[in-house]
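Below is one structure; the comments refer to it alone.
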Amino acid sequence: MNHPPTDSAVSEFDEQGFVVANSLFSPEETAFYLDHYRNLRGSSSDRILDYTGEDHRMQFPRMLHMHRWDDVSLKWLLSERIGNWLKALSGGLEPYAIQTMVYYKDPGRRGQALHQDQLFIRAEPGTSIAAWMALEPADEANGCMRVVPGSHRLPVLCAAEVDTTLSFVGVGSQVPDDIETEPVIMDAGDVMFFHGKLIHGSLPNTTTDRSRFSLIGHYVTGDATRVAEFYHPVLRMDGTVFELDQSPEGGPCGVWVTRDGERLVEIAN
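Numbering-wise, the sequence shown is residues 31 to 299 according to this note's numbering.
Rendered as structure tokens:
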């Protein structure tokens, strides 16, 4: 546990846009976090972004910004082992922490449409990086993460409406319907680090008896000077507040086109 990133892990991140740190947290640690967030889910309904309604599949299955009111979440977000990975993956730059999230994907719950985090976070310059920790085993049946390897080399794609029978949010990144994704199978305690422009998402949990809890931290690289308003205040990894400017909304984004039989991305204003 708590193993530092290897050169091969950094190379994999640079090449593919993501890398999985296997067993970064021990079974005991992971069980602690799982119990903690199950308890929070049951006791802090005012902090959970759920729509009310009889059909739980049509509700928002997450908590946001727990680190602003929950000390366990803050300590995890700023933990040294995650910080060491982030620093190595961003070329030695000290990261800034901007967000925590918990997804609780119960049986039958929807996934999230393919998207790039940078569409929303808008870290400039540099990028955002996510640390996605599996609190339970994640596979194709219960809606594991799916990625488009190498897509972090694309520009930020324009936003598009998506199928809300499969996605709990109605907006994602504009991607071709036939784009190929790969599942990222993870054990509890694994942490997937991925670039802010990596195209990723998940499908619904099709099981009847297995949930898929996950804990996520979002960060921006240390060369960033601004980020979207929603992610302020920004924290250094020692917990102190660091002032970044606010990124403007909108701006150029990428759209998929076909030129001479080849599919590519062009920038639209």
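Ideal placement from N, C-alpha and C gives every residue a C-beta, glycine not left out.
- Sequence-distant partners of Arg240 (beyond 5 residues in either direction) whose C-beta falls short of 6 Å from its own C-beta, in its chain, are Asn172.
- Two segments are said to touch when three or more pairs of C-beta atoms, one from each, lie closer than 8 Å; by this definition the segment 225–238 touches the segment 185–199.
- Bounds of the beta strand (DSSP E) holding Gly202 are 201–203.
- For Leu144, the uninterrupted beta strand (DSSP E) segment begins and ends at 142–145.
- Bridge pairing for Met175: Val214, Ser232 [DSSP].
- Separation of Gly281 and Leu144 (C-alpha to C-alpha, rounded to the nearest whole angstrom) is 20 Å.
- Residue burial annotation: Pro206 is exposed, with fewer than 16 other C-beta atoms found within 10 angstroms of its C-beta.
- Relative to Lys117, the option among Ala161, Lys105, Met96, Ala298 whose CA is nearest is Ala161.
- As the crow flies, the alpha-carbon of Gly122 is around 22 Å from that of Lys105.
- Two segments are said to touch when three or more pairs of C-beta atoms, one from each, lie closer than 8 Å; by this definition the segment 142–157 does not touch the segment 213–221.
- Listed in chain order, the beta strand (DSSP E) elements of length 3 or more contained wholly in the segment 125–165 are 126–135, 142–145, 158–164.
- Residues Arg140, Gly141, Ala143, Leu233, Pro234 of the same chain have their beta carbon placed closer than 8 Å to that of Leu196, with the five preceding and five following residues left out of the count.
- For Ser41, the enclosing alpha helix (DSSP H) begins and ends at 37–46.
- Here Gly252 is actually not in contact with Gly231; their C-beta atoms are around 27 Å apart, not less than 8 Å.
- When the five nearest sequence neighbours on each side are left out, the beta carbons in the same chain lying within less than 7 Å of the beta carbon of Val102 are those of His66, in order along the chain.
- Secondary-structure assignment with DSSP links Ala168 through a beta bridge to Met216.
- DSSP places Ile112 in the helix class (H, G or I) of the three-state scheme.
- The C-alpha of Gln204 lies about 23 Å from the C-alpha of Tyr133.
- For Trp106, the uninterrupted alpha helix (DSSP H) run begins and ends at 101–107, by DSSP.
- Secondary structure note for Glu273: it is in no beta strand (DSSP E), with a DSSP letter that is neither H nor E.
- Comparing C-alpha distances from Thr130 to each of Val264, Thr288, Leu294 shows the shortest one belongs to Val264.
- For Ser197, DSSP records a beta bridge to Gly141.
- For the options Val199, Ser244, Glu296, the alpha carbon positioned closest to that of Trp286 is the one of Glu296.
- At the C-beta level, Ile151 and Ser120 stay beyond 8 Å of one another.
- Looking at the DSSP output, Tyr249 sits in a beta bridge with Ala127, Ile159.
- In the DSSP annotation of this structure, the continuous segment of the beta strand (DSSP E) that includes Ala298 starts and ends at 292–298.
- Apart from sequence neighbours up to five positions away, the residues of its chain that approach Gly269 with a beta-carbon distance below 8 Å are Leu104, Leu108, ordered along the chain.
- Residue burial is scored here from C-beta neighbours: Thr36 has fewer than 16 other C-beta atoms within 10 angstroms and is therefore classed as exposed.
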